[in-house]
Every structure is written in structure tokens, then in C-alpha cells.
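FYI, the numbering for the sequence shown is 297 to 470, going by my numbering.
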Amino acid sequence: MDDAQKIALIASFLLRYPDETWYNELGEWREDARSVEHPQLRQGLLEFFDYIEESDRKAFEDQYVRTFDFSRNTTMYLSSYEVQGTGEQAEELVKYKAFFLENGFDLPKEMPDYIPAILELCAVIEPDKAREVYDYCKPKLEYIRERLIEAKLTYAFLFDIILSVANGLEDSAR
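Here you go:
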């Protein structure tokens, strides 16, 4: 598994709701982050893990909910950005669903525009196909990153890492 795939899986995990199971798996995912070859991206991931471990669990969970569940500016569902109405959002969802179906996957339990699901898809498909998905998602991921920076939330650093992969930077500076 290359760095882009590892980082996509790790970021997908880190962007999921931090419940008890998530906390129980945190150590394993930290170990996976240690195996990322790109030094800056590895360091960024490990620092995010440090932040989580140094945070009070309840406060971290509350921040997650406020950031991703209660904010329209930083929701985990990419089709909710820059759409004018439900018809336009439905069109966006069809495009995201097509990424999964064209690559032999389906999402019976999640919406196809859910960021962790998209990252998991990018981790298991061919790099050129993953690049297409990232290119499509990049403007919305950049928008979320900007909102996270404005709100001074640590998740902005995780989006920096995701966007580094989306831009192919994990292949350089080793």
C-alpha cells in the first residue's frame, strides 16, 4: 500500500465519529500513520493523533459534533456545498454514486458524498481513478479547509494532509 492509500484510510478513520470503538482503534491507526514514508505528512498525522490523545474525550466528541454535524459550513457531505436546490443536490449525489459504481463498489449504508467513504474509495482504487475522484472533490475539500481555518479548528491540519494527497504531494520530498 502506498502513502496516498494509507493516508486516505487514516484520514477516513480520523474523520469518523469518535465513539468508544473509534477510541479503541486509535492506537492501531497511529501505528499505521508511523509507516507513512513522506516525512511531513507522517508528522502531521502523528501530531493530529497527539492532539486527540491530549484532548478530553467528551470535549473532543463535542467539538466533532459542533464542527461536522451542526455546521453547514463544515458538513461531511460534499453535495451540500454550492447547490441551489434539492434537484441540484440529487445530481451531485448521482455523480458521487457513479464514482463508487464505476469502480465496482456500492454504499448500502452511507451517502456517496460522505468524506470518509470517498477517502476509503480513493484508498482502494487505481491511482489514476483516485486522482479523478480527488480532482472532483478538491474544491469542496478546500472550502471546508478554509472554514476550519477561520474557526481555528485543528481539523484544518487533517484537511491540509488530505489536500496534499489530492494534489499528489505525497510522492515528493521523501
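We put the beta carbon where it would ideally sit given N, CA and C, even for glycine.
Sort out for me which residues DSSP pairs Tyr373 with in a bridge.
Tyr410
What first and last residue would you give for the alpha helix (DSSP H) that runs through Ser308?
299-310
When you compare each of Tyr430, Ala447, Tyr451 to Gly464 by their alpha carbons, which one comes out closest?
Tyr430
Please confirm whether Thr370 and Ile458 have their CB atoms less than 7 Å apart.
no
Mind checking which residues open and close the alpha helix (DSSP H) that includes Val429?
423-446
Around the C-beta of Val361, are 16 or more other C-beta atoms found within 10 angstroms, so that it is buried, or is it exposed?
exposed
Note the first and the last residue of the continuous alpha helix (DSSP H) segment covering Asn320.
316-330
N-terminal and C-terminal residue of the alpha helix (DSSP H) that Glu343 is part of
335-350
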